[in-house]
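Residue numbers (our numbering), protein chains in the order written: chain C, 1 to 496; chain L, 1 to 496; chain A, 1 to 496.
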Amino acid sequence: MSNLASHKRKFSVFLIVSEILFLIAFAALVRYDDDAAPKIVQHEADNSAKVVVKQEPDTQKQEADISADINPAGDEPAADDPQEESQIEDSAGRKLNGLYPMFQDVHVMIFVGFGFLMMFLKNYGLSAVSYNFLLSAFVIQYAIIVGGIAKMVVAKIDGGSLSAIYIGVDTLFESDFTCAAVLISFGAVLGKLSAFELLLMSTFEVLIFKINETIGVHYIKAADMGGSMFVHVFGAYFGLAVSRVMNEMNHRNRPTEGSDYKSDMFSMIGTIFLWIYWPSFNSALATDEERVRAVVNTYIALCASCVITFAISAMTEKDGKVTIAHVQNATLAGGVAVGTSCNMMIHPAGAMFIGLAAGALSTVGFAYIQGFLDRVIGLHDTCGVNNLHGMPGLLAGLSGIVAAAFASDESYGDATRVFGDFKDGVDQALRQTGALLITFALAITGGLLSGLIIRVLPTSSLTKQQYYNDSDFFTDVHFDDIGESQSINKQDESNI
Amino acid sequence: MSNLASHKRKFSVFLIVSEILFLIAFAALVRYDDDAAPKIVQHEADNSAKVVVKQEPDTQKQEADISADINPAGDEPAADDPQEESQIEDSAGRKLNGLYPMFQDVHVMIFVGFGFLMMFLKNYGLSAVSYNFLLSAFVIQYAIIVGGIAKMVVAKIDGGSLSAIYIGVDTLFESDFTCAAVLISFGAVLGKLSAFELLLMSTFEVLIFKINETIGVHYIKAADMGGSMFVHVFGAYFGLAVSRVMNEMNHRNRPTEGSDYKSDMFSMIGTIFLWIYWPSFNSALATDEERVRAVVNTYIALCASCVITFAISAMTEKDGKVTIAHVQNATLAGGVAVGTSCNMMIHPAGAMFIGLAAGALSTVGFAYIQGFLDRVIGLHDTCGVNNLHGMPGLLAGLSGIVAAAFASDESYGDATRVFGDFKDGVDQALRQTGALLITFALAITGGLLSGLIIRVLPTSSLTKQQYYNDSDFFTDVHFDDIGESQSINKQDESNI
Amino acid sequence: MSNLASHKRKFSVFLIVSEILFLIAFAALVRYDDDAAPKIVQHEADNSAKVVVKQEPDTQKQEADISADINPAGDEPAADDPQEESQIEDSAGRKLNGLYPMFQDVHVMIFVGFGFLMMFLKNYGLSAVSYNFLLSAFVIQYAIIVGGIAKMVVAKIDGGSLSAIYIGVDTLFESDFTCAAVLISFGAVLGKLSAFELLLMSTFEVLIFKINETIGVHYIKAADMGGSMFVHVFGAYFGLAVSRVMNEMNHRNRPTEGSDYKSDMFSMIGTIFLWIYWPSFNSALATDEERVRAVVNTYIALCASCVITFAISAMTEKDGKVTIAHVQNATLAGGVAVGTSCNMMIHPAGAMFIGLAAGALSTVGFAYIQGFLDRVIGLHDTCGVNNLHGMPGLLAGLSGIVAAAFASDESYGDATRVFGDFKDGVDQALRQTGALLITFALAITGGLLSGLIIRVLPTSSLTKQQYYNDSDFFTDVHFDDIGESQSINKQDESNI
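This is the structure we're talking about:
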């Protein structure tokens, strides 16, 4: 068995062992939540009014409280209200009707958006979309367990108890948000880590992600509706820290680290779907008028960052031409930068201003800052996640601090709808600041440690020829010296 | 007129005659159902309560009953409840709000998912997506008529009467499910039948599909929420039977029966959209908490089958590399295999187990079983539908039998919500078994007969050069000897 | 600074100045509407009933009335009903649940549908999707301002007053509809205008679009649910008029004005998504049973036009082959042609007939009429928008006139639900006729004038080599003599 094959064997064994452990954990701990569990229906004489008795009503009370913490304003109207027991029968259906389309939008962002956006490398498209697929499917299962255990631990610490991991509609969002953080980190190391190393990175990252999120949301009570701090800042700086630690001179200036005409087109599929559905990502867990506001603000910020990206990109080139990598990425920065404050009273013009600032910052990042960081501190960032997620995420955190500082019950009707435990603007601004700093620190520290562990483990890192190259992972993919795919003798694998 | 042109003329004539017949049938038989027909609104003094008098209230009562049979648990809350006449005005709106987004998800699966998944052949991508488009648009219209007549016949047999074919929101799903079966069959014969032959195949298949579905759902009363038996098993074995009958030695080992680097990327568009929206396919017709359960179970099974596919695929190659065809297909097997039982109380761990089993089975199918069947019984399966739809569909049927055997009113609250006419677990398990066996038998028999009829009809089958080749059907598409497209002198056809 | 770079500088300056003006206008005029503004919630003792006091209840009353005019039947159930003040809290949530998924469908049509459909040119794919992206993001912001000011002016003329531009859920649709018109015009001049010229065209077009829409909807009170007159006819003939004025002999018969095998595949992504989501476009602003009818009618018309396109396309070629450009475009004509009448009582067979007529007309347009118009009146139409949007849009207008002529309160329950101020069929048919004629006249006149202005402005029009060529606008894109992309030495721009 060659060294490569041995490495690949570890990959298979890791996945199989993981799935067995997931299966055991699911069997032992995971249960359907109230939205998915059967109801005992007592058919009465008057069939226009059914009385529904919920099963296990007490075990989930604590769960509901914690869930409300994770998403301060996300309590679905009346679903758990004891006063409305008799109407609960179709509350699961109503909840699903409202949330499911937005979940599917987010799901498209995770699997199509991120997956195709990263297909821009000319010889790494199949790996990009496939690793994106594999990592997400892995992280979803793993995050259900880690996130559920985190809730059980928090319940214990808070003096309550939670006997199981309950899954339902809310789980769908929580898992996809965790995926987003991992995929952002993936972008920083795209083409430089093997599949096995990426799985190890994800394993560490999800743990630290959940710790950070629990601290920020449950204990610090910071608001971050679109996850710009907990997802984007965390994912970007975790990934960049891993990239720095894994840094090798021989993955630089490889002829395969480039896009070609067709790979840029595939990448645009990812860009456009991310851009379209971003309002769903930012608003999914908001309710009522707050949700409409989150949609509208995100939508405006995205339009502004798209337009300004073209303007600035043309200014960064002597001949006034536009760089397609800017169009593929910086157009999205408005969605990141407005994520924390999208449900706050930032005014439509405020959303537009944030979008303009983010698009300009991101384009400048791609044109100048990325190369500078690579030369000066040896920070190689394949997809430019610092430009799209890192700096715009920090901008989002700052916007959230400012918006929180000006918040009051007068301007919000009831500010606890947006901020959870709202006391006053200054207090909330300090909470926002604390969450941002802790997120940044945990991401960098966690990423450095994870990178170091991966380096010392016997994972057979990629060699020079294997960087940014699909032929390392896939059968029947071959490239010639100039990076053109060679497929003349390739037969459909499924028809031997 | 050459032989080819004569064949093409039949294609046009067939389509035009079909559309004229569809138009006549629609004019004579099809009416808007209650959800789409106008309401007579009586504006009263108190404008907060409108009294609505439905038009044709009696003609559709029978329809509603039959529709409830086709989807045992799918009765929309209170929409047809005579007690709630006064609230009916916006029930159509509410029903559409709940169902329409899921319908559009399914619609994307049919036209984008299946269409692009089948673009993997390097010289047949335009045909794959175009035939997929044409067959589906044809089948939707045809299935409305065939399905509607089936309901009228059943009403007559059951002693009632139904005077028209009513179309509305439910029609959208029924037609797309029928399309799915036809498109699965299309996958088995991809590249080997001409457009005209495919239309003939579809014409026969829809008839037998509707007969089988009516037997299984209305008479046997088997539960199959995601259609894994009635759609996947039926479609796969019908198509495989046609493929066996149409079997020719000269469509084997053609240099064009293979994928290339770019065609594999287009195919991933199909895979990813199918994977994302599969929970909508399986849960669309469920209601309330049963719907949430169907979503969650399908979602878990899909994640598990994705991860295990990568693991097993790497194990089937000596050098530990992964085969992209496995990623494109076997990752989806969990969605098929959990389809019958997704709304049953299979526990989240049960869903995960089914997904793991299906992903492994499907990957092994692609790696070993498909080639074996081709060599031993001459069964050529272009897309490997036996691996993705056939065997995982049988697994779904078995899972449904087992889950039904353990069902009880205690565990389901009210088991009739999931199983329709539920008596006890053993009875229901027998019904599930009967439906699976009849589906399998009708699919094979129907496919063999349809294939024989197509063989004897003067349809000018494809010649050796025309297999897996877009240049047979499209103007201005040319390939050189090694399968590279030749487009140098091609002008935009729309600008002569 | 070269001439080209100088031109590009104008492009950047135009965008930056526009965004500054947008920002000022948003700060001065734009406010969240009731759906997005905070509510003052008075928590009462009985927490099962919350009393909500709306902020600024009077300022928006006028707005609501005008909005109802723009969409005669689009009054959301009870959202503004003073009788139901106490239930308003989650009305924003419910409204969003119903409308948001359809908005996202339309959003996909605008950015993915139009964007990828226009990628068919082999050397212009990146420009097509990027200009589509830029123009839409620009038009959304601009249309919010122009549309809002139009409402303020109309309120003044009508004797009322409206103090701000209110944005919310409805804004999302209005802006996307305006984008659609601009993108249709873009299709007529695709590859022939520079980015700067396209922005100028859009600037003029949105003004005239909003004037025409206000006349047609608010004053003439014509019904046009799917916007086939106000969007498709207007966009097509405006763009064609610009194309005629900008007409140059040297953009004809360029070797780059053609598709290739892969670019045709990308284009199919656009076609399929447009086709799938078209029912959402046509029905988004309808309510209740009228919305279901709009969905079903559009769905049937699309199926019919898809099938007939294949049949007619094969008949237009001597060898019976199908032209992929017909499949990419004419299959969609049913959605355009049924747009005006989709919510009317046209019967399912009527929808099918309209779809068949539109598909046939559009295919014949591509095969014969487009070349004829080019030769005879020098009308060059890159995407064939006359065939897909122009003639089918006129057919839609005619269908609307006929359907309106037969309308009555008996057949519609209450015809004002569909037609707004319905008097009788003849009156409404005259209104429909007037709106169609005015739309056609304003589109042609506006397009000619806009084209003339662009010609006389110093916009440095494209030279011979720059037509249909991405290398004019993007860095690092190069094509050789036969149009193959040259990317050997291209490095990822983001990693210098």
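Ideal placement from N, C-alpha and C gives every residue a C-beta, glycine not left out.
Just so it is clear, the structure is predicted and the values come from calculations on it, not from any experiment.
The beta-carbon of Cys342 of chain C is placed no less than 8 Å from the nearest beta-carbon of chain A. Under a criterion of Cβ atoms nearer than 8 Å, the residues of chain C adjacent to Met119 of chain A are, in order, Met265. Per DSSP, the beta bridge partners of Leu121 of chain C are C:Ser259.
A straight line joining the alpha-carbon of Phe26 of chain L with that of Val17 of chain L spans about 14 Å.
Distance from the CA of Gly339 of chain L to the CA of Ile211 of chain C, rounded to the nearest whole angstrom, comes to 35 Å. Annotation: the continuous beta strand (DSSP E) that includes Arg31 of chain L extends over 30-32. Judged by DSSP in its simplified three-state form, Tyr237 of chain C adopts helix.
Non-local C-beta neighbours of Gly113 of chain C in its own chain, meaning closer than 6 Å and more than five positions away in sequence, comprise Gly270, Phe273, Leu274, ordered along the chain. For Tyr468 of chain C, the three-state secondary structure derived from DSSP is coil. Contact between Gly359 of chain L and Ile401 of chain L is absent: CB atoms are separated by about 21 Å, not below the 8 Å threshold. If you look at Ile165 of chain C, you'll find it in the beta strand (DSSP E) that goes 165-167. Two segments are said to touch when three or more pairs of C-beta atoms, one from each, lie closer than 8 Å; by this definition the segment 372-383 of chain L touches the segment 184-201 of chain L. Bounds of any alpha helix (DSSP H) do not take in Cys383 of chain L, whose DSSP letter is neither H nor E.
Annotated as proximal: Phe120 of chain L and Ser267 of chain L, with beta-carbon spacing under 8 Å. Not a single C-beta of chain A is nearer than 8 Å to the C-beta of Gly425 of chain C.
Per the coordinates, the alpha-carbon of Val108 of chain A lies some 30 Å from the alpha-carbon of Ser91 of chain C. Shown here is that no member of the segment 224-245 of chain C has a Cβ falling below 7 Å from a Cβ of chain A. Residue environment for Glu19 of chain L: buried (at least 16 other C-beta atoms within 10 angstroms of its C-beta).
Fully contained in the segment 343-397 of chain A are the following alpha helix (DSSP H) runs of length 4 or more, in chain order: 347-364, 370-377.
Identification of residues in the segment 275-300 of chain L having a C-beta nearer than 9 Å to some C-beta of chain A yields an empty set. Within its own chain, the residues whose Cβ lies closer than 6 Å to the Cβ of Leu200 of chain L, once the five positions on either side in sequence are excluded, are Ile454, listed in chain order.
The beta-bridge partner set that DSSP reports for Val322 of chain C consists of A:Phe474.
Sorting A:Met102, A:Gly93, A:Ser12, A:Gly365 by C-alpha distance to the C-alpha of Leu134 of chain A places A:Ser12 at the top. Remark: C-beta atoms of Lys10 of chain L and Phe196 of chain L approach each other more closely than 8 Å. Ile312 of chain L: member of the alpha helix (DSSP H) spanning 288-315, first to last residue. Here Ser485 of chain L is bridged, per DSSP, to L:Phe479.
The three-state reading of DSSP puts Asp158 of chain C in coil, since its state is none of H, G, I, E or B. At a cut-off of 8 Å between beta-carbon atoms, Val307 of chain L makes contact with chain C.
Apart from sequence neighbours up to five positions away, the residues of its chain that approach Glu174 of chain A with a beta-carbon distance below 6 Å are Gly147, ordered along the chain. Residues of chain L with a Cβ closer than 9 Å to the Cβ of Gly115 of chain C are, in chain order, Met268, Ile272.
Check the Cα spacing between Pro38 of chain C and each of L:Leu285, L:Phe209, L:Ala294, L:Leu395: the tightest is with L:Ala294.
Put simply, the CB of Val146 of chain A is far from chain C, with every gap to its CB atoms at 8 Å or more. With the rule of 3 Cβ pairs closer than 8 Å, the segment 320-338 of chain L does not count as touching the segment 155-164 of chain C. Residues of the segment 340-365 of chain L with a C-beta less than 8 Å from any C-beta of chain C: Met345, His347, Pro348, Ala349, Met352, Phe353, Leu356, listed in chain order. Exclusion of the five residues before and after Ser408 of chain A leaves Ala415, Asp424, Gly425 as the residues of its chain whose Cβ lies within less than 8 Å of its Cβ. Per DSSP, the continuous alpha helix (DSSP H) segment holding Leu430 of chain C begins and ends at 425-456.
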